[in-house]
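Take any residue in the sequence shown, count from 1 to its spot, add 253: that is its number in our numbering.
The beta carbon of each residue, even a glycine, is placed where N, CA and C say it ideally should be.
For reference, the structure is listed below as structure tokens.
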Amino acid sequence: MGRRILLCGLTLFFLCAAGCSAGKKAGDSGNSDREQSELEASENLIVVGVSQIGAESDWRNACTKSIKTSLTRENGFYLIFDDAQQKQENQIKAVRNFILQEVDYIVLCPIVETGWDAVLQEARDAGIPVVVADRQVDVDEDLYTCWVGADFRKEGETAGGWLAEELERQGREDEEIRLVTLQGTVGASAQIGRTEGFARVLKEHENWKMLEMASGDFTQAKGEEVMGEFLKKYDDIDVVICENDNMAFGAVDAIKAAGKTCGPSGEIMVLSFDAVSAAFEAMIDGDINAAFECNPLLGPKIREILDILSSGGTVDKIQYMEETYFDTSMDLENILKTRMY
Ligand code: AHR
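Below, the structure written as structure tokens:
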């Protein structure tokens, strides 16, 4: 029954896309052979609606690609993918559409942690399991089946620990260190976790002074803008913590535009999160000091979870991805050759 409604929805989509009148239903005569075979092929597939945040960063694009290349027809999935263009309201609308289409599973990559109770309750009432991926949701845990993603707090702590060791290596452990932070989208798990994790280490170092933290929304343009404002206000910044690589790229541009230098042999140390290929290039170029990995390759894990669930199995509620960090003391050129994103 669910499948029939879904296929009806998909048929309407195909008909509308083809410029036909919107009143047709699945089964109406007039479907092309291609449409008909699409429908027939869908019958044996696991239908999954994926709500993705948008395309704000290299990391996000790698995540989307990983999901799309994992939930393929060859692997037994019919994927309905929705890009929410950075708006939670679009994500809520997408999830409601998935419910109306009676998909088998919903995968939600939530932009922020709060505001999901009502729509996840609707999915639960409709009997559709929800897999939360990447960032987390702050709801009663019965409202979703499991979550898979990164340990953002640990990433923040690792960055703080790295900075402490690096300052010690430079003999600056007792010097006053002036920091600024480019935060991610406020209320997103990646922002909350990285900020809190780093703050734990910050607290242990009285000589570290956090001058200001402001959101650059995980984008390069906003990162550059906010770093530009910091540089106008404070002329002696020692360290900038960038809660993702794209904001770090923007920060590097702003630092150079202000006539300052950054990286291991510059005036301002740049610490970043994600460790996408372009961050490796920036470390090799001497612009970024260290990148703390956040693994975007969630697709295979999501596929595995959906395969287990659809064969009646159970999965762990919380599933962390494996992560590490990279800095300019490493053989980055060789490591880069093995990177998948
Ligand atoms: O939630 C993961 C974060 O979102 C990544 O660090 C960032 O690049 C992305 O936009």
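Close Cβ partners of residue i (< 7 Å) along its chain, the five nearest in sequence each way excluded
i, result
"Q341", "I364, V365, G368"
"R313", "I306, G307"
"I537", "L585, E586"
"D540", "V505, C515, G516, V523"
"A417", "V454, H458"
"W461", "I430, L432, L455"
"Q339", "I306, G307, E309, I364"
Sequence-distant residues of its chain with Cβ nearer than 8 Å to residue i (five each side left out)
i, result
"T472", "E309, S310, N499, M500, G503"
"D395", "R377"
"G450", "F405, R406, K407, E408, G409, E410, T411, A412, G413"
"K513", "L484, G519, E520, I521"
Burial state of residue i (16 or more Cβ within 10 Å)
i, result
"S282", "In this prediction, S282 has a pLDDT of 39, which is less than 50 and means its spatial position is unreliable; what the coordinates show is noted afterwards. Exposed."
"P549", "buried"
"K590", "exposed"
"G476", "buried"
"E410", "buried"
"A253", "With the chain represented from 254 up to 594, any question about residue 253 goes unanswered, as that position is not in the structure."
"V529", "buried"
"R453", "exposed"
"E355", "buried"
"R353", "This sequence places Leu at residue 353; Arg is not what is there. With fewer than 16 Cβ atoms within 10 Å of its Cβ, L353 is classed as exposed."
"D595", "A question about residue 595 goes unanswered here, because the residues of the chain that appear run from 254 up to 594."
"M204", "Residue 204 lies beyond the range of the chain shown here (254 to 594); nothing can be said about it."
"D370", "exposed"
"D482", "According to the sequence shown, residue 482 is Glu rather than Asp. Exposed."
"S525", "buried"
"N497", "buried"
"S319", "buried"
"G565", "exposed"
"A510", "exposed"
"K486", "exposed"
Residue i (DSSP reduced to helix, strand or coil)
i, result
"M522", "strand"
"D527", "strand"
"Q389", "coil"
"I381", "coil"
"T434", "strand"
"I345", "helix"
"V300", "strand"
"Q339", "coil"
"G402", "strand"
"E546", "strand"
"Q572", "strand"
"Q354", "coil"
"Q423", "coil"
Residue range of the unbroken beta strand (DSSP E) whose run includes residue i
i, result
"C495", "492-495"
"S468", "461-468"
"I333", "330-336"
"V360", "358-361"
Delimiting residues of the alpha helix (DSSP H) encompassing residue i
i, result
"E394", "Here E394 belongs to no alpha helix (DSSP H), and DSSP marks it neither H nor E."
"E477", "473-486"
"E449", "442-456"
"D580", "D580 -> not in any alpha helix (DSSP H); beta strand (DSSP E) instead, spanning 578-580."
"I588", "585-591"
"S564", "Per DSSP, S564 belongs to no alpha helix (DSSP H) and is neither H nor E."
"A315", "311-323"
"V439", "From DSSP, V439 is part of no alpha helix (DSSP H); its letter is neither H nor E."
Residues of its chain near residue i, where Cβ-Cβ distance is below 6 Å and the 5 sequence neighbours each way are ignored
i, result
"F405", "S442, A443, G446, R447"
"A335", "Rather than Ala, the amino acid found at residue 335 in this sequence is Asp. Closer than 6 Å at Cβ, skipping near neighbours: S304, A347."
"S468", "Q436, V439"
"T434", "M466, I494"
"F579", "A528, A544"
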